[in-house]
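Protein chains in written order, with my numbering: chain A, 1 to 127; chain B, 1001 to 1405. Quick notes on the structure that follows.
And the structure:
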């Protein structure tokens, strides 16, 4: 299977790879997937005044999974919480030219975004 | 050194130039049909085929009359299993095979079961991928007509105790088929000593052409009979109709002759290179696990799981090295390797496996390059892996509640 140039680019030069401290002020963490399924994504956002000022990811998975999460962090930065909620897996599929067998990678990335936002919200609410 | 490097010799192998040279006259100049008995074109083709038959038989210590040409090992497996089950159906319908066989054997047995033409036992293997001969003995019933166990596994290279299984088969009067596709030409094979009655193998795994294989069918002690699976001109003593692909057969013969002459030195050379590859990787990478048997394995095989990184991404990071992985993402079925699963390798480690298959034309320089690349990419992907991060923080990954999807 040939990969699209964009997938290869994200794979070779992942954007925003790394981690924030989970208990850091304004950080929301989403971890989705399972090792036995062959992919696990950890996506983190750092929020200030309702805006995502930074995002980071770590992914165990195929090239398309890595590219999907790398792209997600790029898109998240600068977005408000509300805008971030609107990122759809189909946008990722389109941007990265993912073939049908790799669509689940984009679904996972959307799930990771949602999970990170939910975690941030939960932490903000309990404060 | 030329890139990309081919380290996927279990899937196929490049042809040896000496094989191509032997084949060339049989396309244009000596193009006859080996079944044409009445003119020089046919005689020349027939002579070439019979010569190849001898070269092939010699490599496996058989008689040339025991070689039946097919299109490849998949057809040979089908012909052996379906042919025996059909021929001996009065005697019984039970076949014993193993859970790590090639799909050409497992799916053939399953197809026969689905049609109600056979019942099958799929024996488990130990954690090194080996079939226990005593399990074979215990699985035998009064309906068993065939035992089919592979010589060496295509993913992990584990070599089965074929001789012991052959002995049990003989003792019980049951036919023994062996898929030896990965072993012939790579390790010594002796159908007499191993007690094999039917054996599948092909040319393209041993530096010969694609599209031709053989089924060894024992002629005496016992004389094995199989029902043809293709109707036609009655070629190959009625067992496999169809005009013989003379150039391919000539190439197959030459490839076997070269293996016969060079096996002893080549296997030592490849094993040394493979051991160096293994040591070079293991020295630098922690939590890299060897899949298969440490010693009872093919000299050119190496299968390693790299914990916390996924196989397809490893392959993607080494795109100038041709390798294969047991990861679901690289398989047509989207399931991780059933062979590794049968060994009891965890699903997550099956996803993380890489198979290296060395061959005649690999060089030390290529191995050095591969060691360097593997270390680089595993290190890079582990830095990217949330699992590696958690493991380093002391989290027991097995205790985590994952949301399977």
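Don't be surprised by glycine CBs; every beta carbon is placed ideally from N, CA and C. This structure is a prediction, so every number in the text was calculated from the model and none was measured.
Exposure label - residue i; buried when at least 16 CB within 10 Å
| i | result |
| --- | --- |
| residue 53 (chain A) | exposed |
| residue 100 (chain A) | exposed |
| residue 1073 (chain B) | buried |
| residue 1145 (chain B) | buried |
| residue 1034 (chain B) | buried |
| residue 1320 (chain B) | exposed |
| residue 1141 (chain B) | exposed |
| residue 42 (chain A) | buried |
| residue 10 (chain A) | buried |
| residue 7 (chain A) | buried |
| residue 64 (chain A) | buried |
| residue 1039 (chain B) | exposed |
| residue 1097 (chain B) | buried |
| residue 1103 (chain B) | exposed |
| residue 1114 (chain B) | exposed |
| residue 1282 (chain B) | exposed |
| residue 5 (chain A) | exposed |
| residue 1401 (chain B) | exposed |
Simplified DSSP state of residue i, which is helix, strand or coil
| i | result |
| --- | --- |
| residue 1140 (chain B) | coil |
| residue 1178 (chain B) | strand |
| residue 106 (chain A) | helix |
| residue 1094 (chain B) | strand |
| residue 1051 (chain B) | helix |
| residue 1355 (chain B) | strand |
| residue 1325 (chain B) | strand |
| residue 1073 (chain B) | helix |
| residue 1068 (chain B) | strand |
| residue 1229 (chain B) | coil |
| residue 1121 (chain B) | strand |
| residue 1237 (chain B) | helix |
| residue 1150 (chain B) | coil |
| residue 50 (chain A) | coil |
| residue 61 (chain A) | coil |
| residue 1156 (chain B) | coil |
| residue 1166 (chain B) | helix |
| residue 1411 (chain B) | Since the first residue shown for chain B is 1001 and the last is 1405, residue 1411 (chain B) is missing from the structure and cannot be characterised. |
Chain A contact for residue i (CB, 7 Å cutoff)
| i | result |
| --- | --- |
| residue 1288 (chain B) | no |
| residue 1386 (chain B) | yes |
| residue 1374 (chain B) | no |
| residue 1316 (chain B) | yes |
| residue 1351 (chain B) | yes |
Amino acids of chain B, ordered along the chain, whose beta-carbon sits closer than 8 Å to that of residue i
| i | result |
| --- | --- |
| residue 87 (chain A) | The contacting residues do not exist; residue 87 (chain A) stays about 18 Å from chain B at best. |
| residue 110 (chain A) | Near residue 110 (chain A) there are no residues of chain B at all, since even the closest Cβ is about 12 Å away, more than 8 Å. |
Listed by chain order, chain B residues near residue i by CB distance under 7 Å
| i | result |
| --- | --- |
| residue 14 (chain A) | 1384 |
| residue 42 (chain A) | 1386 |
Supposed contact pair residue j and residue i - C-beta distance, whole angstroms, cut 8 Å
| i | j | result |
| --- | --- | --- |
| residue 59 (chain A) | residue 1384 (chain B) | 6 Å |
| residue 1130 (chain B) | residue 1160 (chain B) | 6 Å |
| residue 1382 (chain B) | residue 1309 (chain B) | 6 Å |
| residue 1249 (chain B) | residue 1049 (chain B) | 5 Å |
| residue 26 (chain A) | residue 117 (chain A) | Residue 26 (chain A) to residue 117 (chain A), Cβ: 12 Å. No contact. |
| residue 1018 (chain B) | residue 1254 (chain B) | 6 Å |
| residue 1315 (chain B) | residue 1306 (chain B) | Incorrect: roughly 12 Å between the Cβ atoms, too far for contact. |
| residue 1083 (chain B) | residue 1196 (chain B) | About 15 Å; that fails the 8 Å criterion. |
| residue 1208 (chain B) | residue 1242 (chain B) | Contact flag wrong, Cβ pair sits at about 19 Å. |
Contact list for residue i against chain A, beta-carbon separation under 7 Å
| i | result |
| --- | --- |
| residue 1308 (chain B) | 60 |
| residue 1313 (chain B) | 61, 62, 63, 66 |
| residue 1347 (chain B) | 36 |
| residue 1263 (chain B) | Chain A residues near residue 1263 (chain B): none, gap ~36 Å exceeds 7 Å. |
Short CB-CB distance (under 7 Å) between residue i and chain D
| i | result |
| --- | --- |
| residue 1329 (chain B) | Here chain D cannot be found, since the structure's protein chains are A and B. |
Beta-carbon neighbours of residue i, restricted to chain A and to distances below 8 Å
| i | result |
| --- | --- |
| residue 1403 (chain B) | 32, 33, 34 |
7 Å Cβ cutoff, residue i in contact with chain B
| i | result |
| --- | --- |
| residue 20 (chain A) | no |
| residue 46 (chain A) | no |
| residue 127 (chain A) | no |
Where residue i meets chain B, residues with beta-carbon distance less than 9 Å
| i | result |
| --- | --- |
| residue 120 (chain A) | Those within 9 Å of residue 120 (chain A) in chain B number zero; the least Cβ separation is about 18 Å. |
| residue 39 (chain A) | 1310, 1329, 1351, 1405 |
Partners in chain A for residue i, counting only beta-carbon separations shorter than 9 Å
| i | result |
| --- | --- |
| residue 1397 (chain B) | 35 |
| residue 1389 (chain B) | 19, 42, 58 |
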